Structures are given as structure tokens and as C-alpha cells.
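To start, the structure itself, in C-alpha cells.
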Amino acid sequence: MVVAAPERPTRFDMPTWMRSALVFGLIYTFLVGVSALEKGIKIMGEETQERLFSSVSNPIAGLCVGILGTVLVQSSSASTSVIVGLVATKGISVDAAIPMIMGANIGTTVTNTLVSLGHIRQPAEFKRAFAAATVHDFFNVMAVAVLLPLELMTGTISKTATWISDRLVGTAGSEWKSPVKAWVKKPVELIVDIEGAVGLSGNVLGTFVVLTGLIIVLLALTFITKNMRTLVADRVEKSVNTVLSKGSGSVAMLLGLVITIAVQSSSITTSILIPLTAAGVLSLRNAYPVTLGANVGTTITALLAALAASVPEALTVGLAHTTFNVMGIGVLYVLPFARDVPVRLAEGLAEIAVKRRVWAVAYVMTTFIILPLIGVALLR
Amino acid sequence: MVMSFFSKREGGLDHIVSRAVGMLGDARHSFDLATLALLTNTDTAAVQADIRDTDQRINHMEQQLRSELVVHVTVQGSSDIGSVLGMILLLKKIERIGDQATNVLDLAESGVRLAGETDTEAMLAERGLISTMFGEAADLLAEPNDGRTEEFATRILALVAEHQAKIESYLHSDRPGREVVPRAIYYRYLKRIVANLLGIVRTAAGPLPSSTTEEDDKDD
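Those sequence lines, one after another, are chains S and R.
Counting from 10, one number per residue, gives the positions in the first sequence under our numbering.
Counting from 4, one number per residue, gives the positions in the second sequence under our numbering.
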């Protein structure tokens, strides 16, 4: 850097090779967490599994559980990885998992909507920021509104995902010899042995192993994201500048995809866009395709999680997540008459929110907490 | 364009500094042409399009780089916020030099001609000196050096004082207004241009003044 920076305390900057090695270690830890989750549920036995997961057999309830679970952990990567783990135990079917995956897509948008609330004191900035955040919400809600009924009627998403999965790892119902599964077997057995050694057994042991798996998945994803953000920050900066200077919609979308795969978090990508849109540096129409790319990019984590599972259905669910997001773009972005709808809805909502800011808070509470809670309570 | 994510071209503040050096080169080009139009018999119509295009290019680049600085802070966090604020100030100063060069052109376009006068040779020599100072400022922007910055500052401040003295002498001169007014205005622009060059170099060397706290045992 050429412009002299003011003096600041020295801090330890980890060399790139060390940080890269750390990320690989964290990905391994993440896969151990997913596998532990699967193991814990298997320990619980079929009867307990049946009791636990019968509530999500209704697709709308599953959708609401997906939203709530993702809002709770603030990461669709984490919630979809857990769903993949659940499918791997055969606790829930692919058909029941798909609405949950769709819910995770909606739930993950809460992060950038919360980021936009940070601009609430400056009306002009807030209007732009809130519109940029909610365009993602509207797109995802509309994608669910179109594709969930289609899936329930025709099974388009699950059939497409199953077709790809069959060609990659074999047909459903078979045992898939994942090499990753073998690599993570020892640490998972160690977790079970340690928790078994303190006298736990049956459902209690299963619950503790599941909780351990959940904690491992959440911590590993948090640190993967943190380290990857540091590793690729310069590249992300260059990519955003490309979107600003000459990027078309498809370029912006591809960059959103690449950035999200790199940082393993769509929330990071979309949250970067909020201050830029608030400052007027990026227009809503330029930010919109980046969020769609981020939607597809974030599905890589569930695919990664499927590597630690032993059944093809886990990969099918991961692929269903990708298929859903790609089809959403096909229906709502590629078709010219639909492209502007989420943008106009977001601008309209921002117009209302900037006049009465309490509506912005009410919108967040209703969309991400109250309605999903009502849905689960009524339909489970 | 998607490959920009994987490319190894320089990014961040280094990229912005190299673009700022390019902007300074453009500002020098505008200054050279505008002063040539005023101090020689060069046809203003022949240079005005070039100067105005260059000024627009500088303005556009300033806006683009300001956006990139916002992106930099958003992506990288606030760890080098001091440098970012310094860069914003520095880019503004370069943009102002572009405007001031255009002001010199406006003077020539309004019909003022300082060619063939008794002081023209001295003004042309001074123009050459200031033009080389643009080059020095660009070097110091790319490679800040405390010693060279101080030496540069001493020369610039002497030149600013000289310009101020000339402006005051023109303001109080008994010579006809058509002789002294254009010169007073011209030297006012020159004074601002060299002061901005110093501002650029000083901002590159240290974007923000450091503050010190008083010692606890110091008497009130």
C-alpha cells in the first residue's frame, strides 16, 4: 500500500498457506460434524426418528421449519447441511426435505435485511438498503410460491435432482461408498465412545451426539467463512468493482456465485451489497443478479455435506437445493416480464418502510418469525 | 469478466494509487495545454476539446475511484480507513487541478492573450517549472519519501508566496486593468494548482494528522 496508514497496533497476520491449510482442516471438521449428526440420529432408533420428524411431513410446515431453523442459526449453509444429515439417516424423505430446503432459502435472507436496518436513521440510505435486502426476500418467496406447488404436483425438482444423483453415485436405496465417509469415521466413533463412556446410552446418547454434531457444524462453518473471507477479500473487492464498472446481469450473477462458493456464505455476499447500495455506489438492479448468484453459490455447502453421508438421497437433497435455485432464476429472472417484479415489490416496500419505519421491523418479525411459527403450530 | 475473481492484477489501494498517478498525468496534460493557449499564440479552438475531454475523464475517474474506495472499506473492513479517507481527499485535489486548468482555458477563450508581452518569457519558464512539479508529485504519490516531500514542500511554499506577492502587486498596481486583472486571475489559478500539488504529496505521505494526548501529570 502506498498511501501511508496511521500507526496501529501490530497484529498477527496468518500466512496464506497456513490459513489455506486451516480451511482444509475446518472443512474436514465440518464433514465430521455432519457425519456425527447422522450417527446421533441413527443411535436414537427408528421409533424416536418417526416421532421427531412426523411434524415436517406437511410441506408448508416443513417450509416454516426451514425458515425458522435458518433464522435461528443465521446460515442456510448450516441448516441445509443439517437437512442433508437428516436425510442421510432416512429420518426424513427427499420429498419432505425439499420444502425445508426452500424455507432455508427464505430464512437466509434475514441476515441482509437486518444489515439494512442499520441504515434506519438515514432515510435516503435506508430506502436503498432496505430495497436491496428485500429484493432477495421477494425473489425467494416468489420462487417458492411458483416452484413448491409445481414440485408437489409434478415432483419436477426432486426428479431432476434424483436423475443427476443416480448418474453420479447410484440409485436411491443403495449404499454409497463415499470415501469421505471413511475418512471421518474415526473421529465420529471417538465422539460416540467419549459420550458413551460417561454413561450415556440410547436416546440420550443420540441426542448428545446430535448436539455435538450441530455445534461442530456451526463452529466449522463460522470459521470457514471467516478465514475464506480473509483469504479472498482482495478478489471479492476486484469482482465487486467489475460488477460496478461494466458487469452485465449474467456477469454479476456469476460473480455472486463465485464469491459465495469462495466464502461459503450467501449472507456474506449479500450483506456486502447492502452498504454499497445504501451509499448509492451500486444500484438495486445491479445488486439483484448478484444475490441470485449467491443463492446458487450457497448450495455448494449442502453438496459438500452430502459427501459425508452414506446414502445417495443426501446428495439428491443437495442437488435439489441447486436445482430449485437454478429453476427459480429460469422462471423469475430469465423471463423478461417476471424479472422486474421482485425489484418493484422491494422498491414499493422500501417506500412504505421509509415513511413508517416501524413497518420495516414489523415486516422482519412477521416474515421470518411470526408467520413461520404460526405455520408450524397449525400444520404440524 | 467473471475471471476478474481469479486474475492476479493488482487490487485495493495499490490499484487506486496507480490510477491516481494516471489522473495526475491527465491533469498535467490539461495544465500544459491550457497555459500554452494563454501564453502563446496557440489557437484555443485547437486545444479546448482536448482539455475539456481530459477534464471529464478526470472527473469520471475520480467518481469511479471513490466508488472503489467505498467497496474497499465494505469488503476489507475499517483497518485502513485512514488511508481511504486520505485517498478520497487526494483524488478531490487532483480533480480540482483539472478544473483549475479548465479555468485557465476559460481565461484564454474569453479573449485574454499574454503572448508577446515583456513578462511572457518568465511566465513560460514558470509554466515549465510547474509542469515538472506535476511529475515530481506523481513520483512522490507512487513512492512516498519523507525527505523528498519536505524538500518539495519548501519549493512549493516559496512558489505560493511568490504568486501571492505577485497577485497583491497586481491588485495595487497603477497599470491599466486589462493588463493586471488577467495576470492576477492567472496567478490565482497557478497558486491554487501548486497548493493542490503540495496537498496531494502531503496526503500521500500522511493522510491524517496524528493527535497526542496530554500527559496525566501535566498541570492544567
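Don't be surprised by glycine CBs; every beta carbon is placed ideally from N, CA and C.
Just so it is clear, the structure is predicted and the values come from calculations on it, not from any experiment.
Where does residue i land, buried or exposed, given buried means 16+ other C-beta within 10 angstroms?
i	result
S/P381	buried
S/M23	exposed
S/A170	buried
S/M10	Confidence at S/M10 is low in this model, with a pLDDT of 42, below 50, so the placement of that residue should be treated as unreliable; the coordinate-derived value is given next. Exposed, since its Cβ has fewer than 16 Cβ neighbours within 10 Å.
S/G384	buried
S/T19	Residue placement at S/T19 is flagged as unreliable, the pLDDT there being 48, under the threshold of 50; the coordinate-derived value follows with that caveat. The residue is exposed, with fewer than 16 neighbouring Cβ atoms inside 10 Å.
S/T89	buried
R/Q79	buried
S/T390	Nothing can be reported for residue 390 of chain S, as the shown portion of chain S is limited to 10 through 389.
S/N149	buried
S/E160	buried
S/T87	Note that residue 87 of chain S is Ala in the sequence shown here, rather than Thr. Classification of S/A87: buried, given that the 10 Å Cβ count is 16 or more.
R/D56	exposed
R/M136	buried
S/A391	Because chain S here runs from 10 to 389, residue 391 of chain S falls outside it and cannot be looked at.
S/K364	exposed
Roughly how far, in whole angstroms, is the beta-carbon of residue i from the beta-carbon of residue j, given that I think they are within contact range, below 8 Å?
i	j	result
R/S33	R/A118	Contact doesn't hold; Cβ gap of about 19 Å is too wide.
S/T325	S/S125	Actually they are not in contact, since the Cβ atoms of S/T325 and S/S125 sit about 35 Å apart, beyond 8 Å.
S/G71	S/A113	That belief does not hold up - the Cβ atoms of S/G71 and S/A113 are roughly 10 Å apart, past 8 Å.
S/V43	S/V226	6 Å
R/I159	R/Y190	Actually they are not in contact, since the Cβ atoms of R/I159 and R/Y190 sit about 15 Å apart, beyond 8 Å.
R/L72	R/I19	7 Å
Beta-carbon within less than 7 Å of residue i's beta-carbon, same chain only, minus the 5 sequence neighbours each way: which residues are those?
i	result
S/L354	F147
R/P147	A207 and A208
S/P196	V41
R/D149	A208
S/T234	V272, Q273, S274 and I277
S/I50	Q58, L95, T98, G100, G215 and V219
R/Y192	Q103, N106 and V107
R/V163	K194, V197 and A198
S/A296	A141, L282 and T286
S/E47	G94, A97, T98 and A318
Check the Cβ-Cβ distances between residue i and every residue of chain R, and say whether any is below 8 Å.
i	result
S/P298	no
S/V74	no
S/L156	no
S/P321	no
S/P15	Confidence at S/P15 is low in this model, with a pLDDT of 42, below 50, so the placement of that residue should be treated as unreliable; the coordinate-derived value is given next. Yes, its Cβ sits closer than 8 Å to a Cβ of chain R.
S/L313	no
S/A303	no
S/I281	yes
S/S254	yes
S/V290	yes
S/L293	no
S/L223	no
S/N212	no
S/P188	no
S/V272	no
S/M10	The predicted position of S/M10 is uncertain, since its pLDDT is 42 and thus under 50; a value taken from the coordinates is nonetheless stated next. Judged by the 8 Å Cβ criterion, S/M10 is in contact with chain R.
S/P24	no
S/L285	yes
S/N250	yes
S/S29	no
S/P18	In this predicted model, S/P18 has a pLDDT of only 45, less than 50, meaning its place in the structure is not dependable; the value taken from the coordinates is given anyway. By this cut-off, S/P18 is not an interface position.
In chain order, what residues of the same chain have a beta carbon less than 6 Å from the beta carbon of residue i, not counting five sequence neighbours either side?
i	result
S/A359	K136, F139 and A140
S/W368	I361 and A362
R/L92	T206
Is residue i close to chain S? Criterion is C-beta to C-beta, closer than 8 Å.
i	result
R/S70	yes
R/R73	Looking at the sequence itself, residue 73 of chain R is Val, so the reference to Arg does not match. By this cut-off, R/V73 is an interface position.
R/T77	yes
R/Q103	no
R/Q51	no
R/I59	Sequence inspection shows Gln at residue 59 of chain R; the Ile mentioned does not correspond to that position. R/Q59 does not count as touching chain S.
R/Q167	no
R/V204	no
Going along the chain, which residues of its own chain have a beta-carbon closer than 8 Å to the beta-carbon of residue i, five neighbours each way excluded?
i	result
R/N199	K96, I97, R99, I100 and Q103
S/V103	V96, S167, A170, T171, A181, E322, T325, V326 and A329
Please confirm whether any heavy atom of the ligand SAH lies closer than 7 Å to the CB of residue i.
i	result
S/M23	Among the ligands in the structure shown, none appear at all, so the ligand SAH cannot be discussed.
Review point. Just by C-beta distance, which residues in the region 227 to 247 of chain S are closer than 9 Å to chain R?
Key: R238, V241, A242, D243, R244, V245, E246 and K247
Practice item. Mind checking the region 166 to 181 of chain S against chain R and listing, in chain order, the residues whose C-beta falls within less than 8 Å of any C-beta there? Key: none
Exercise for review: Name, going along the chain, the residues of the region 115 to 143 of chain S whose beta-carbon falls closer than 8 Å to a beta-carbon of chain R.
Suggested key: none
Exercise for review: Can you give me, in chain order, the residues of the region 15 to 46 of chain R that have a beta carbon less than 7 Å from any beta carbon in chain S?
Suggested key: G15, L16, D17 and V20
**Study point:** Where the region 339 to 359 of chain S meets chain R: residues whose CB sits under 8 Å from a CB there
**Key:** none
Review point. Of the residues that make up the region 67 to 91 of chain S, which ones have a beta carbon closer than 8 Å to any beta carbon in chain R?
Key: none
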